[in-house]
Amino acid sequence: MIAVPQNYVSADEYLRWEEQQEEKHEYIDGQVYAMAGASENHVDITTNLTVILSNHLRGKDCKLFPSDMRLNIASKKIYYYPDLLVTCDERDRFNKKQKNYPCLIIEVLSESTESKDRGVKFANYQTIQSLQEYVLISQWEQRVEVFRRSEKFWVLQTYTVGELIEFQSINLQIPIDAIYEDVDLLAASSEAILESTI
Numbered sequence: 000m001i002a003v004p005q006n007y008v009s010a011d012e013y014l015r016w017e018e019q020q021e022e023k024h025e026y027i028d029g030q031v032y033a034m035a036g037a038s039e040n041h042v043d044i045t046t047n048l049t050v051i052l053s054n055h056l057r058g059k060d061c062k063l064f065p066s067d068m069r070l071n072i073a074s075k076k077i078y079y080y081p082d083l084l085v086t087c088d089e090r091d092r093f094n095k096k097q098k099n100y101p102c103l104i105i106e107v108l109s110e111s112t113e114s115k116d117r118g119v120k121f122a123n124y125q126t127i128q129s130l131q132e133y134v135l136i137s138q139w140e141q142r143v144e145v146f147r148r149s150e151k152f153w154v155l156q157t158y159t160v161g162e163l164i165e166f167q168s169i170n171l172q173i174p175i176d177a178i179y180e181d182v183d184l185l186a187a188s189s190e191a192i193l194e195s196t197i
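All residue numbers for the sequence shown refer to numbering that gives the first Met the number 0, where the first residue is 0 and numbers rise by one.
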């Protein structure tokens, strides 16, 4: 994310302004941040998951939304655009421009966003009472981290090569290979190594 130069912006001002923009911007307590573009692997992984989750949720009361759907964390004055979110809450059926009650949020990690996805963004997501699972997906290796809400804390379960991933919030199991179908992990790993040495 790149900060957009400006003075403090109210949430209402942001929402009016955002409706007129071609690119997406996130909003964090008065500050507006431009969204960066995505790599090919990032796009391939989110596309694979979109197909899998859409097919699974068809005919159910839950709905999948890709990264063009805004998520509101009202208690924090934050608007994010998660890579994927699923909501099963009927209250989310009435607002067509944003969602407020996700049960599942998925972020595909990138070099520029990984620290935020693991840190401040996860901390903010944890304040959403409806959220049951938060998923981080590597685009450099077959590695999926699922954080699940328990009564007192969040529990991490990590899945790697050959394993069956479980999304308990929507009652779904997925072979990890299905998420990484047609994803060139070797090229992504080489690019990540090259970038880290520059």
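The C-beta atom is built at its ideal place from N, Cα and C for all residues, glycine as well.
Here the structure is a predicted model, which is why all the values come from computation and not from measurement.
By a beta-carbon distance limit of 8 Å, V143 contacts I164. Their separation comes to about 5 Å. The stretch 77-91 makes contact with the stretch 47-65: 3 or more CB pairs, one atom from each, lie closer than 8 Å. For K115, the enclosing alpha helix (DSSP H) begins and ends at E113 to R117. The C-alpha of S149 is placed about 34 Å away from the C-alpha of G36.
Straight through space, the alpha carbons of L56 and K96 are spaced by roughly 20 Å. Every unbroken stretch of the alpha helix (DSSP H) spanning 4 or more residues and falling wholly within the stretch 38-63 is given here in chain order: 39-56. For the pair of segments examined, the stretch 37-51 was found to touch the stretch 68-87: the number of CB pairs separated by less than 8 Å reaches three. The beta-carbon separation of M34 and E25, rounded to 6 Å, stays under the 8 Å limit for a contact. Going by beta carbons, L103 and D116 fall outside the 7 Å limit. Counting the other CB atoms within 10 Å of its CB gives S74 a total below 16, which places it among the exposed residues. Q141 is positioned such that its CB atom lies no closer than 7 Å to that of V154.
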